[in-house]
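*Asks:* Read in the working numbering, the sequence shown has 110 at position 93, and its numbers run on one by one without any break.
Got a structure for you, questions after.
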Amino acid sequence: MQELRERTYEFSLEIIKLIQNMPNNQVSKILGGQILRSGTSIGANVEEAYSGLTRKEFSYIINISRKESNETRYWLKLLLNSNIADKEQVKNLLVGIEELIKIFTSIVKKCRASLIIILTLNFLLLTCS
């Protein structure tokens with residue numbers, strides 16, 4: 018849990034560094050703004066997910082983090098292929114975002130599976146009573 022929080026926080030810092038090093042032009046501002054918004058919201062959503070919510074709310078917010086990660090991946094790929102930012106920096110962020118997407122996908126699947134088990138048990142308890 019703490020490792021994921023730290024990882025997404027560090028990812029946000031790397032996004033900020035990337036944006037700060039981009040040229041000052043219209044395209045950079047637009048792409049940079051999109052990446053900054055989606056890339057930093059990942060960690061903010063993770064923080065919210067771990068703030069003592071129900072399992073269903075936790076799964077829902079982690080899924081939002083996964084969606085923001087997918088969006089961030091799109092913007093990073095666009096940035097990489099437009100030659101606006103440092104390619105190595107962007108490639109490193111793409112590796113990081115792929116790892117985060119896998120983590121979020123795994124968490125969401127496990128949460129859904131456990132919710133199905135709980136709902137099934139509740140149904141069985143109600144029908145057997």
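Note that the Cβ used here is the ideal one computed from N, Cα and C, for glycine as well.
None of the values given here were measured: they were computed from a predicted structure.
1. Is the beta carbon of Ser29 closer than 9 Å to that of Thr57?
2. Roughly how far, in whole angstroms, is the beta-carbon of Glu89 from the beta-carbon of Ile47, given that I think they are within contact range, below 8 Å?
3. Go ahead and pull the three-state DSSP assignment for Leu61.
4. Would Glu31 and Leu110 qualify as a contact pair, given that the criterion is a beta-carbon distance under 9 Å?
5. Pick helix, strand or coil for Thr122, following the three-state DSSP scheme.
6. I need the straight-line Cα distance from Val107 to Gly69, nearest angstrom please.
7. Measuring alpha carbon to alpha carbon, tell me which of Ser55, Asn98 and Ala102 ends up nearest Ser86.
8. In its own chain, which residues sit with a C-beta less than 7 Å from the C-beta of Ser45, not counting the 5 before and 5 after it?
9. In chain order, which alpha helix (DSSP H) runs of at least 4 residues are fully inside the region 46-107?
10. Given a threshold of 16 other Cβ atoms within 10 Å of its Cβ, counted over all protein chains shown, does Val112 qualify as buried or as exposed?
11. Mind checking Ser76: buried by the 16 CB within 10 Å criterion, or exposed?
12. In or out: Asn42 buried (at least 16 other Cβ within 10 Å) or exposed?
13. Mark Gly60 as exposed unless 16 or more other C-beta atoms lie within 10 angstroms of its C-beta, in which case mark it buried.
14. Looking only at its chain, what residues have a beta carbon closer than 7 Å to the beta carbon of Val63, apart from the 5 residues adjacent to it on each side?
*Replies:* Taking the coordinates as given:
1. Yes, the Cβ-Cβ distance between Thr57 and Ser29 is below 9 Å.
2. One point to set straight first is that residue 89 is Thr, not Glu, in the sequence displayed. 15 Å between Cβ atoms; not a contact.
3. The amino acid at residue 61 is misidentified as Leu; the sequence shows Ala. It is helical.
4. Yes; because the gap between Cβ atoms is below 9 Å, this pair is in contact.
5. Helix.
6. Approximately 34 Å, taken between the alpha carbons.
7. The shortest Cα separation from Ser86 among Ser55, Asn98 and Ala102 belongs to Ser55.
8. Met39 and Ile101, listed in sequence order.
9. You should have 72-98.
10. Classification of Val112: exposed, given that the 10 Å Cβ count is below 16.
11. Buried: at least 16 other Cβ atoms inside 10 Å.
12. Counting of Cβ neighbours within 10 angstroms places Asn42 among the exposed residues, the total staying below 16.
13. With at least 16 other beta carbons inside 10 angstroms of its own, Gly60 counts as buried.
14. The residues are Leu21, Arg22, Thr25 and Ser82.
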